[in-house]
Amino acid sequence: MTDAPRQPAAQPVDWRRRLVIAAVVLVATVVLGLVGAAVIPRWWAQRIGDQVQGSLTAGILVGLVYGFLFTLLPLALLWAAFRLFGSWRARAGAVAVALLLAAPNLMTLGIVLGTGSGAHAGDRILDVEGPGFRGATLAGALAAAGTLAGAWYLLASRRRAWARARRAERSSEPEERP
Numbered sequence: 559m560t561d562a563p564r565q566p567a568a569q570p571v572d573w574r575r576r577l578v579i580a581a582v583v584l585v586a587t588v589v590l591g592l593v594g595a596a597v598i599p600r601w602w603a604q605r606i607g608d609q610v611q612g613s614l615t616a617g618i619l620v621g622l623v624y625g626f627l628f629t630l631l632p633l634a635l636l637w638a639a640f641r642l643f644g645s646w647r648a649r650a651g652a653v654a655v656a657l658l659l660a661a662p663n664l665m666t667l668g669i670v671l672g673t674g675s676g677a678h679a680g681d682r683i684l685d686v687e688g689p690g691f692r693g694a695t696l697a698g699a700l701a702a703a704g705t706l707a708g709a710w711y712l713l714a715s716r717r718r719a720w721a722r723a724r725r726a727e728r729s730s731e732p733e734e735r736p
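Numbering-wise (this note's numbering), the sequence shown opens with residue 559 and increments by one.
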């Protein structure tokens with residue numbers, strides 16, 4: 559008779575500890591969100607203002623580059639991740655990285671759509687120090703989305719054409735008789 563290894567007794571779940579941890583995480587998230595909503599728009603607008611320095615041409619160029627690059631990279635990453643990765647962990651990681659890559663556009667969007675004092679301050683900073691940046695960022699983002707949509711269409715149409723060619727090739731081959 560063989561003795562099976564004994565499993566240690568399961569520890570009871572400490573619900574009070576879990577609830578306290580959940581409450582602390584929730585409070586910290588709310589506090590960080592409020593602080594971030596007040597600080598991040600101002601900080602981002604100042605960074606853009608430092609790059610553009612009040613020049614309309616520089617604002618448009620920087621906005622186009624940021625809008626295009628930080629839309630194209632996250633969308634391409636998401637497309638590749640959901641096409642290549644089968645596990646949900648890998649896909650969730652790709653979504654997290656895509657959000658980080660899209661952060662410049664998301665911060666600009668927070669300034670444009672935000673209603674708080676930080677967003678209004680960022681809006682005023684961009685009016686003076688970063689003219690043309692917001693509109694050019696939108697144009698760059700739309701161009702990136704259009705570029706990816708065009709690439710997706712071309713790939714899909716090539717796949718369909720290759721499949722049609724293979725079917726036509728198979729149907730035109732004479733049948734072999736023994």
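The beta carbon of each residue, even a glycine, is placed where N, CA and C say it ideally should be.
- Under the three-state reduction of DSSP, E687 is assigned to helix.
- Following the DSSP letters along the chain, one finds G607 inside the alpha helix (DSSP H) bounded by residues W573 to V610.
- In this structure, A707 and T629 do not form a Cβ contact; the two beta carbons are roughly 12 Å apart against a cut-off of 8 Å.
- Using a Cβ distance threshold of 9 Å, A694 and G625 count as a contacting pair.
- Of all C-beta pairs linking the region 718-726 to the region 648-657, fewer than three are shorter than 8 Å, placing the two stretches out of contact.
- In terms of Cα proximity to G617, the closest of R716, G688, L700 and E731 is G688.
- Secondary structure note for A648: its alpha helix (DSSP H) is the uninterrupted segment W646 to L659.
- In the structure shown, the three-state DSSP call for E727 is helix.
- Pairing W710 with G672, the inter-Cα distance amounts to about 33 Å.
- Using a Cβ distance threshold of 9 Å, W602 and T666 count as a contacting pair.
- Counted as a single uninterrupted DSSP element, the alpha helix (DSSP H) harbouring F628 occupies residues L614 to L642.
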